[in-house]
Amino acid sequence: DLAFLDTLPAREFTNGLAEIVKYGIIEDPELLEAIEEGAEALKARDTALLERLVSASCRIKKGVVEIDETEKGLRRILNFGHTVGHAIEAESQYAIAHGEAVAMGMAAAALISERKRYLSAEDRERVVSAIGRVGLPVRIPQSLDTARLLSRLAADKKKSGGKIHFVLLRKPGMPFVNGGVALECVQETIEALKA
Numbered sequence: 002d003l004a005f006l007d008t009l010p011a012r013e014f015t016n017g018l019a020e021i022v023k024y025g026i027i028e029d030p031e032l033l034e035a036i037e038e039g040a041e042a043l044k045a046r047d048t049a050l051l052e053r054l055v056s057a058s059c060r061i062k063k064g065v066v067e068i069d070e071t072e073k074g075l076r077r078i079l080n081f082g083h084t085v086g087h088a089i090e091a092e093s094q095y096a097i098a099h100g101e102a103v104a105m106g107m108a109a110a111a112l113i114s115e116r117k118r119y120l121s122a123e124d125r126e127r128v129v130s131a132i133g134r135v136g137l138p139v140r141i142p143q144s145l146d147t148a149r150l151l152s153r154l155a156a157d158k159k160k161s162g163g164k165i166h167f168v169l170l171r172k173p174g175m176p177f178v179n180g181g182v183a184l185e186c187v188q189e190t191i192e193a194l195k196a
């Protein structure tokens, strides 16, 4: 029963859509397509569509967590968008909500994936478009200092050997944890996404 969603303010409802979009991007191209086609209905809180997408999202997360309960392997794909997202969220002193920050982080991970030649420009545009279509931000605010974001990323638990480990994409539905992205590439990506 998703009736409780009607109690959420618009911003919080939209923040929750970030997780649904993430599952479509990392695990289920059909879910991503349903999000793309139903973006307006989603924003209007269409109950039937929400039930279908929430159910699919729960099924995906359950399947991933059952395979990897300790977050040592496959489960790390659930962090897609969270590496840069957590830095944005913290640097904004939480004025940017979690879902908004993760949306920006997903846009960053998609751009890094393209720049590293894992993801085609067409697929990156599709991913970023899907995020934006549901009302989530895909640009990083100019007000956030890039050097401070990088400093937060450098302290991240996913960093080793001067590189930051990201969940990247080969295409929608094909995520992977890479061996590390140089801070310079991350810096260029953040600057490219500044609004």
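Quick note on numbering: the sequence shown equals residues 2 to 196 in our numbering.
Idealized CB from N, CA, C, for every residue including glycine.
In whole angstroms, what separates the C-alpha of residue i from that of residue j?
i	j	result
T47	M107	The sequence given here has Asp at residue 47, not Thr. C-alpha separation (whole angstroms): 25 Å.
F167	E52	30 Å
M105	T190	11 Å
L150	A19	21 Å
E41	L32	15 Å
L3	Y119	37 Å
Along the chain, where does the beta strand (DSSP E) containing residue i start, and where does it finish?
i	result
K62	Unbroken run through K62 is the alpha helix (DSSP H), 48-68; no beta strand (DSSP E).
L112	Run containing L112: none in the beta strand (DSSP E); it sits in the alpha helix (DSSP H), 99-116.
P176	175-178
K172	168-172
Relative to the alpha-carbon of residue i, which residue among the options has its alpha-carbon at the smallest distance?
i	options	result
I113	K73, G181, L43	G181
N179	K62, L154, F81	F81
D124	E20, R171, D157	R171
G100	S56, V22, E192	V22
L54	G17, I78, D69	G17
Q143	Q94, A193, I165	A193
If you measure between the beta carbons of residue i and residue j, is that distance less than 9 Å?
i	j	result
R153	A88	yes
E92	L145	yes
I141	A98	no
V103	L43	no
T147	K117	no
With residue i as the anchor, note down where its alpha helix (DSSP H) starts and where it stops.
i	result
R76	Careful: R76 lies outside any alpha helix (DSSP H) and carries neither H nor E.
V135	Per DSSP, V135 belongs to no alpha helix (DSSP H) and is neither H nor E.
L3	Counting along the chain, L3 falls outside any alpha helix (DSSP H), and DSSP gives it neither H nor E.
E13	11-27
G86	83-92
Q188	184-194
P142	That residue, P142, is in no alpha helix (DSSP H); it is neither H nor E in DSSP.
Taking three-plus beta-carbon pairs below 8 Å as touching, is the region 18-30 in contact with the region 170-178?
Touching, yes, given that three or more Cβ pairs across the two stretches are closer than 8 Å.
Within the chosen definition, does the region 35-54 reach the region 122-138 through at least 3 CB pairs nearer than 8 Å?
In this structure the region 35-54 lies against the region 122-138, because at least three pairs of beta carbons, one per stretch, are closer than 8 Å.
For the region 111-125 and the region 182-190, state whether three or more C-beta atom pairs, one from each stretch, are separated by less than 8 Å.
Yes, since at least three Cβ pairs between the region 111-125 and the region 182-190 fall closer than 8 Å, the two stretches touch.
Are there three or more Cβ pairs, one per stretch, closer than 8 Å when the region 59-71 is compared with the region 81-101?
No, the region 59-71 is not in contact with the region 81-101.
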